[in-house]
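Asks:
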Amino acid sequence: MKKKLNIIFLVILVLSIHLSCQNEVKNEDETSFEFAFLTDIHIKPEMDAPKGFQMAIDKVNVLNPDFVLTGGDLVYDVMRGNKERGDSLFSLYKKMITGFNMPLYNCIGNHDLFAIYEESPEDESHPDYKYGMYERYLGDTYYSFDHKGWHFIVLNSLDVTDNKRYKGFFHEEQLKWLENDLLKVNLATPIVITTHIPMISARSQILGRSNSINSHEVFKLIEDHNLKLILQGHIHWTEYGYVNDKFHYLTGGSIAGNGWKGRRHNTKEGFTLVKVRGESISLDYVDHGWEKERLSKEKVVSK
Ligand SMILES: [Fe+2]
């Protein structure tokens, strides 16, 4: 009888250790994740850009985050409206992103706007105009998704001025959508926003160049929510800030640097690995090796 009781006790002990380990793994798994933020990729067939982008893809695959977010300027570029060239650039981009081993979520940048410049042979009547070509290849220009209890919002920060240049602007239809999207999000849910043109940056003071004109309207809509992080592109520099003990913002450098030919604003080519642990985040800028590759090529050329 005693032996039987001992066996039952042992079985219960083993089961409870097993369940408690399972819980630990489950909790760890539910509150921890990583994702990569790659912005300003500027893909084109020239300048060895596909090789550089492939180096970034390979590096991301080694790091193996849960997913990838991009920050716009995926191609270089379609603003001047050459449809054949535009199709080849978006096709190249779409083909290359199949190399990622994890899901990828895109964001639109100014260089991805088709035929918006005055010198373009196409105009607003073209089905690919402005957001059209991007949508045809990559889908919606603003949307949201959830991952492990976090809410991710990807915004379209672009519109066109009366004199046919791009501007950083969150249009009315999108702001309405955002208002409705946020109604479905619990106020305690941590939120990440991705935008191409920065919502917040020292760029206006340093360079005298404007950020998204009506960012305050987005901030107003989200003020009661648990905004944790804003990820931005466009400037090809790295800039980090933490506002009111509440949210972080990061302008995430760029994959292409200065058009694949060097650093821009002294920021090395790279991307950001975002690590989430509970409600804490850490941001690591990762060198995908393009600078080393570029400099070694320059040496060969100058010999
Ligand atoms: Fe860019």
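At position 139 of the sequence shown the residue is numbered 138 (numbering that gives the first Met the number 0), and the sequence of numbers has no breaks. Note that the Cβ used here is the ideal one computed from N, Cα and C, for glycine as well.
1. Assuming Y136 and R79 make a contact with CB atoms under 8 Å, what is their CB distance in whole Å?
2. Under 8 Å by Cβ, that's how I've got T38 and S253 pegged, so tell me the actual separation to the nearest angstrom.
3. Can you give me the start and stop residues for the alpha helix (DSSP H) that G98 sits inside?
4. Output needed for L12: all residues of its chain with C-beta closer than 6 Å, excluding positions within five of it in sequence on either side, in chain order.
5. With DSSP as the reference, identify every bridge partner of F113, one or two as the case may be.
6. Skipping 5 residues on each side, what residues in its chain have a beta carbon closer than 6 Å to that of I229?
7. Just mark T194 as buried or exposed, buried being the case when its beta carbon has 16 or more other beta carbons within 10 Å.
8. Please identify the residue among K163, E222, N155 whose C-alpha is closest to the C-alpha of T188.
9. Taking C-beta to C-beta, are G85 and I107 nearer than 8 Å?
10. Among the residues of its own chain, which have a CB less than 6 Å from the CB of E278, if the five just before and after it don't count?
11. Can you tell which of H235, D283, F151, W236 has its C-alpha closest to the C-alpha of K227?
12. Sort K147, Q173, H146 by Cα distance to L157 and report the nearest one.
13. Could you tell me which residues DSSP puts in a beta bridge with I42?
Replies: The relevant details are as follows:
1. A Cβ-Cβ distance of about 18 Å is found for the pair Y136 and R79, leaving them out of contact under the 8 Å criterion.
2. With 8 Å as the limit, T38 and S253 qualify as a contact, their Cβ atoms being about 6 Å apart.
3. From DSSP, G98 is part of no alpha helix (DSSP H); its letter is neither H nor E.
4. The pLDDT assigned to L12 is 44, lower than 50, so where the model puts this residue is not dependable; a value taken from the coordinates is nonetheless given after this. No residues qualify anywhere along the chain.
5. BP columns for F113 point to K129.
6. Around I229: I192, M198, Y248.
7. The residue is buried, with at least 16 neighbouring Cβ atoms inside 10 Å.
8. The option with the nearest alpha carbon to T188 is E222.
9. With contacts defined as CB atoms closer than 8 Å, G85 and I107 fail to qualify as a contacting pair.
10. Cβ neighbours of E278 beyond the five flanking positions: P189.
11. When each option's Cα is compared against that of K227, the closest is F151.
12. Nearest C-alpha to L157: Q173.
13. DSSP lists V74 as partners of I42.
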